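S.K.:
There are 2 protein chains.
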Amino acid sequence: MTTIFSQINDKEKQKLLKYLESNTAKFNSNTSISSFVKSNNVIGIIMDGYIQIAKTDYKGNRVIIEELEENEVFGTMISSLKSNEYEIITKEETEIIFIDYDRIIHCEQTNKEYYQQFIRNLLAIIISKIQEKNERIEILTQKTIRNKLLEYFNIVSKKKGSKYIYLPFNFIDLADYLAVDRSAMSRELKYLKEEGFIEIKGKKITLLYDRDSSIYIY
Amino acid sequence: MTTIFSQINDKEKQKLLKYLESNTAKFNSNTSISSFVKSNNVIGIIMDGYIQIAKTDYKGNRVIIEELEENEVFGTMISSLKSNEYEIITKEETEIIFIDYDRIIHCEQTNKEYYQQFIRNLLAIIISKIQEKNERIEILTQKTIRNKLLEYFNIVSKKKGSKYIYLPFNFIDLADYLAVDRSAMSRELKYLKEEGFIEIKGKKITLLYDRDSSIYIY
DNA sequence: AAGTTAATGTTGCAATTGCAACAAATTAAA
DNA sequence: TTTAATTTGTTGCAATTGCAACATTAACTT
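Residue numbers (our numbering), protein chains in the order written: chain Z, 70 to 287; chain R, 70 to 287.
Written out as C-alpha cells, the structure reads:
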C-alpha cells in the first residue's frame, strides 16, 4: 500500500515538509478539528491516530462521510468540507500534518526526485480514495437494507479474502455509513441471522453463504 | 476548469503522448468500449464525445456510475471497472486517448516541465472527481426520494448559481442516478409540483423555493 | 460494586417505496 | 406521414423502512 511518504527517506521527508511549510498538530481523542481545516485549503496527513468525518443535516440525521486512520489523507478539496454541516472528529489521540494545497502545487522543488515521488504518492492515495467512494456508492445504490448490508459484507470480505469480518465500527456508525435507520438495520440483521446467512458475535460477523454463488440474492 | 492538457502546448502534448505510448481510438455512438478498458490498467481521456459508465446488477437494476464528456478522464483504477457488471458506453461518436497507467507513473520524462504539469493536471482532475463522488454520496444518503431530489436540485442549482436547472439526462437516467424507482420518482416530482416547490417543462426545472431558507424541508 | 451512560435489541405502526401494469406523449425510423 | 420504439405519466398494492418508544445489555465512572 502506498503512503504519502513511500520511497522517500527521512532526510528528504524533512526537507519536503520544510519546503511545503507544513504544520504538525496533535489532538486529544474526541476533539473536533473542523476549524483547523475549514479556514484554508489544506491537506491533512494522519501520522498517527484515527478520525471520522461526519455530516449532520438539519433533521439531525448523521452520516459518516469518511473514516481515516494512519497514513491516510483528507483535505478541503478532497473531502468537500466547506459547509459547516461537517464535523471532523478525532476518535483517538491523533497527530496530523497540515500542508497548504497551493504550496504543494506551486512548490519550487519540482525538479527534486522526492517532490515528484510525493506527488505520485498523493496521486495513488487519491485514486484509492476514489475506489473507496465507488464502493460506498455501490452500497448506497442498493435499494434494500438487506442488499446494502450484503453488498457491504461482500466488499469487506473480498478485501480480506475471508468469510470473517470484523466491523471497523459499532452498529450506530454502520447504520450511518449505510444511511439507514439503526433499528431497521438491527431488524434486518436479525432476519439474516434467522435465515442462516450470517452469524454475529459482537463485532465479528461470519458469512455463511457463498459470496460468488449469488444464491443469497433471494 | 483544469483539463488534462491545461498549460501544455501542442508540441509538448504530442511529445508527451509519444513518451506515454498513448493510443487514440474513435468509437461510434452507442458502442460498448468496456473491453478496451478492462484488459489493462489504463486511463482514458475523452477528447470528443460523451460516455456513460453504468452497472447492472443481478436483478437488472441499472445504476449510472459516471457520465463523462470532453476533457474528462476515466480509468480502471479511478472508476473501479474491473467487474464485468460494468458497461462503458458511448452516447455519441467519441474519441478517446488511452494511456497505460504504469507508463504515467514510470515515465522517464519526469524532469520535463510538461510532464510535471500533466501530473498536476491529472491530480486536479481526480480531486474534482472526488468532489463529484462526494456530492453523489450526499444525495444517496438522503432517506427519501423527495430529499434526494431536492439535494440534487440544490447541488446543481448552486453550481450554476441559478434557480433554473437543465437536467443533463432523461428521467430514466435521473432515477438511476438517484438510485430510486423511476415511477416512484415520477410520483414524487408530481407532488413537488403540486405543492409548489418546483416547475417542470421538459428537462428544464425551476426551483420555486429559497434554497438557503431551509423551509422546503417539511 | 454500584451507579451512570452508551450501545444494542425489539416491536407496532404509519409513511414511503418498489413493483407491475398500463396509458399517454414524445421521439426516431421507415 | 405513418409506424414503431422509447420515454414519461399514473395508480393500486404489497413490501420495506423510518420513527418512536422502550427493554436489555455492555461499557465506563467514581
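From the three backbone atoms N, C-alpha and C, an ideal C-beta is built for every residue, glycine too. Since the model is a prediction, treat every value here as computed from it, not as a measurement.
Would you report the Cα separation of Val106 (chain R) and Ile122 (chain R), rounded to the nearest angstrom?
M.R.: Within the second sequence, numbered from 1, the residue matching residue 106 (chain R) stands at position 37. Within the second sequence, numbered from 1, the residue matching residue 122 (chain R) stands at position 53. Those two C-alpha atoms are separated by around 12 Å.
S.K.: With 8 Å set as the bound, which would you pick, yes or no: does the beta-carbon of Thr213 (chain R) sit closer than that to a beta-carbon of chain Z?
M.R.: Translated into the one-based positions of the second sequence, residue 213 (chain R) becomes position 144. So, not an interface residue.
S.K.: For Met116 (chain Z), report the span of its beta strand (DSSP E) as first-last.
M.R.: For this step, residue 116 (chain Z) is matched to residue 47 along the first sequence. Where Met116 (chain Z) is concerned, the enclosing beta strand (DSSP E) stretches over 111-117.
S.K.: Following the continuous alpha helix (DSSP H) through Leu137 (chain Z), name the residue where it begins and the one where it ends.
M.R.: The sequence position of residue 137 (chain Z) within the first sequence is 68, counting from 1. Careful: Leu137 (chain Z) lies outside any alpha helix (DSSP H), inside the beta strand (DSSP E) at 131-138.
S.K.: For Ile188 (chain R), go through chain Z and note every residue whose CB falls closer than 9 Å to its CB, in chain order.
M.R.: Taking the second sequence and counting its residues from 1, the one referred to as residue 188 (chain R) is at position 119. Result: Gln185, Ile188, Arg189, Leu192.
S.K.: With distance defined between alpha-carbon atoms, name the residue in R:Asn180, R:Glu161, R:Arg131 nearest to Thr100 (chain R).
M.R.: Start at 1 with the first residue of the second sequence, and residue 100 (chain R) comes out as number 31. Here the closest residue by C-alpha is R:Glu161.
S.K.: Leu261 (chain R) versus chain Z: which residues are under 8 Å apart at the beta carbon?
M.R.: By 1-based counting over the second sequence, the position of residue 261 (chain R) is 192. Those do not exist, as Leu261 (chain R) stays about 18 Å from chain Z at its closest Cβ, beyond 8 Å.
S.K.: Enumerate in chain order the residues of its own chain whose CB-to-CB distance from Tyr285 (chain Z) is below 7 Å, with the five nearest sequence positions on each side excluded.
M.R.: On the first sequence, position 216 is the one that residue 285 (chain Z) refers to. At Tyr285 (chain Z) the pLDDT is 45, less than 50, meaning the model places this residue with poor confidence; the figure from the coordinates comes in the next sentence. Excluding residues within five positions, the ones whose Cβ falls inside 7 Å are Leu219, Phe266, Tyr278.
S.K.: Between which two residues does the beta strand (DSSP E) harbouring Leu247 (chain R) extend?
M.R.: To locate residue 247 (chain R), count along the second sequence from 1; it is residue 178. No beta strand (DSSP E) contains Leu247 (chain R), which is instead part of the alpha helix (DSSP H) from 240-247.
S.K.: Considering only residues of the same chain and omitting the five flanking positions on each side of Asn190 (chain R), which have a CB-CB separation below 6 Å?
M.R.: Against the second sequence, residue 190 (chain R) aligns to sequence position 121. Closer than 6 Å at Cβ, skipping near neighbours: Thr71, Ile73, Ser75.
S.K.: Measuring only between beta-carbons, confirm whether Thr100 (chain R) sits less than 8 Å from chain Z.
M.R.: Along the second sequence, read from residue 1 onward, the residue named residue 100 (chain R) stands at position 31. Residue contact check for Thr100 (chain R) against chain Z: no CB pair falls below 8 Å.
S.K.: Which bits of chain R does Arg205 (chain Z) rub up against, with CB to CB less than 7 Å?
M.R.: Translated into positions along the first sequence, residue 205 (chain Z) becomes position 136. In chain order: Ile206.
S.K.: Could you say which of Z:Ser226, Z:Gln83, Z:Lys232, Z:Ile112 lies nearest to Asn165 (chain Z) if we only look at CA atoms?
M.R.: Taking the first residue of the first sequence as position 1, residue 165 (chain Z) is located at position 96. Reading the sequence as shown, one finds Ile at residue 165 (chain Z) and not Asn. If we check each option's Cα against that of Ile165 (chain Z), Z:Ile112 comes out closest.
S.K.: In or out: Tyr287 (chain R) buried (at least 16 other Cβ within 10 Å) or exposed?
M.R.: The residue you call residue 287 (chain R) lines up with position 218 of the second sequence. For Tyr287 (chain R), the predicted model reports a pLDDT of 40, less than 50, meaning its position is unreliable; a value from the coordinates is still stated below. The residue is exposed, with fewer than 16 neighbouring Cβ atoms inside 10 Å.
S.K.: Taking Lys270 (chain Z) as part of the alpha helix (DSSP H), name the residues at either end of that continuous run.
M.R.: Here residue 270 (chain Z) is taken as the residue at index 201 of the first sequence, counted from 1. Note, Lys270 (chain Z): premise wrong, no alpha helix (DSSP H); beta strand (DSSP E) at 267-270.
S.K.: Cβ of Gln200 (chain R) less than 8 Å from any chain Z Cβ?
M.R.: Position 131 of the second sequence, counted from the start, is the residue given in the question as residue 200 (chain R). True, the Cβ-Cβ gap to chain Z drops below 8 Å.
S.K.: Decide yes or no for the touch test of the stretch 187-205 of chain R against the stretch 172-190 of chain Z: beta carbon pairs closer than 8 Å, at least 3 of them.
M.R.: yes
S.K.: Taking Cβ positions, are Tyr233 (chain R) and Thr275 (chain R) nearer each other than 8 Å?
M.R.: Walking along the second sequence from the start, residue 233 (chain R) turns up at place 164. Walking along the second sequence from the start, residue 275 (chain R) turns up at place 206. Yes.
S.K.: Given that Ala248 (chain R) touches chain Z, what residues does it touch there, using C-beta distances under 9 Å?
M.R.: Here residue 248 (chain R) refers to the residue found at position 179 of the second sequence. Ile206, Leu209, Thr210, Gln211, Lys212, listed in chain order.
S.K.: Residues of chain Z with CB closer than 7 Å to the CB of Thr179 (chain R), please, in chain order.
M.R.: Counting from 1 along the second sequence, the entry for residue 179 (chain R) is found at position 110. Gln185, listed in chain order.
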